[in-house]
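If you read the sequence shown in the numbering used here, its first letter stands for residue 249, the second for the next number, and so on. Note that CB positions come from ideal geometry on N, CA and C, so glycine has one too. None of the values given here were measured: they were computed from a predicted structure. What follows is a short report on a single structure.
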Amino acid sequence: YIHDIEDRISTAIDLGFIIDNDGSHHNISSPAGLNLLGNIIEGNEDSCNKNFYHSLDWYGRKVLGFNLEPKTPYQVIPSALESFSTCMRDPAFYRLYNRYLSYWYRFKETLKPYSKNEIVFSDLKFESIAVDKLVTYFDYFDSTISNGLPITSKQDADNLMIKVRQSRLNYKHFTVHFALNSDKAQKVAIQLFLGPKYDALGNLLDFSESYKDFYEIDYWITD
């Protein structure tokens, strides 16, 4: 069943359009195409054809969650992977979403590359960039779990407070220093990304090999 859904999504990417409920085609090469594709993969309420594309995300969570089938509809206890608040602690989550990301990259390969004029900002130049040393450490974090207890009395619920303490990775505040030189006064958007510099063996990575592992940590607009 999941293979059928994956085939339909892959076909939509290769053909460049998504089939709506009434059989009409939606071009995913348009600026709105990325959201259209994401909606059918997630299978949310904005999906243009949920009956045909279903929800690959939901079925993946259900299969890899290894949850037991409930005897009644009133005793459903989702697995850690099926619950959105706990799914990221399951290692299968990252394998699952790595597979979903392959559809994004497959979709991006069908798009035309940006022209040089679209990506080069000739009026703006970075003179220098420096980042403080990033220091990480383990810190204690308290979580409230009172809501997960079977309490029937409102008075007991108001008076009960149970917390668990975990050791989590934290980091000290750091600053990014950069100097910009602009030919004229204008608004610009600045994005900061964090990614690996070395591989598991300590070898220096080329950006063409590691760009998929970068993620945005900050974004702002300035004059």
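Residues that residue i bridges to, as DSSP identifies them
{"i": "residue 438", "result": "468"}
{"i": "residue 373", "result": "429"}
{"i": "residue 391", "result": "412"}
{"i": "residue 260", "result": "Per DSSP, none; premise fails for residue 260."}
{"i": "residue 384", "result": "419"}
{"i": "residue 378", "result": "425"}
With 16 other Cβ atoms within 10 Å as the buried cut-off, status of residue i
{"i": "residue 269", "result": "exposed"}
{"i": "residue 355", "result": "buried"}
{"i": "residue 297", "result": "buried"}
{"i": "residue 448", "result": "exposed"}
Other residues of its chain near residue i: CB distance less than 8 Å, five sequence neighbours each side excluded
{"i": "residue 222", "result": "The first residue shown for the chain is 249 and the last is 471, placing residue 222 beyond what the model contains."}
{"i": "residue 469", "result": "435, 436, 437 and 438"}
{"i": "residue 250", "result": "304, 307, 308 and 311"}
Start-to-end residues for the alpha helix (DSSP H) that takes in residue i
{"i": "residue 287", "result": "281 to 290"}
{"i": "residue 275", "result": "It is not in any alpha helix (DSSP H) - residue 275 instead sits in the beta strand (DSSP E) that spans 273 to 275."}
{"i": "residue 349", "result": "339 to 357"}
{"i": "residue 399", "result": "No alpha helix (DSSP H) contains residue 399, which DSSP labels as neither H nor E."}
{"i": "residue 325", "result": "Run containing residue 325: none; DSSP gives neither H nor E here."}
{"i": "residue 304", "result": "304 to 313"}
{"i": "residue 366", "result": "364 to 367"}
Run of the beta strand (DSSP E) containing residue i, from where it starts to where it stops
{"i": "residue 265", "result": "265 to 267"}
Cβ neighbours of residue i in the same chain (closer than 7 Å, five flanking residues each side left out)
{"i": "residue 256", "result": "300 and 301"}
{"i": "residue 324", "result": "318"}
{"i": "residue 444", "result": "453, 458 and 461"}
Sequence-distant residues of the same chain with beta carbon closer than 6 Å to residue i, five excluded per side
{"i": "residue 378", "result": "425"}
Check whether the stretch 416 to 432 and the stretch 393 to 407 touch, using three or more Cβ-Cβ pairs below 8 Å as the test. no
How do the stretch 287 to 296 and the stretch 325 to 344 stand: do at least 3 beta-carbon pairs fall below 8 Å, yes or no? The stretch 287 to 296 vs the stretch 325 to 344: no contact.
State whether the stretch 370 to 388 contacts the stretch 407 to 422, with contact taken as three or more CB pairs (one from each stretch) at a distance under 8 Å. Touching, yes, given that three or more Cβ pairs across the two stretches are closer than 8 Å.
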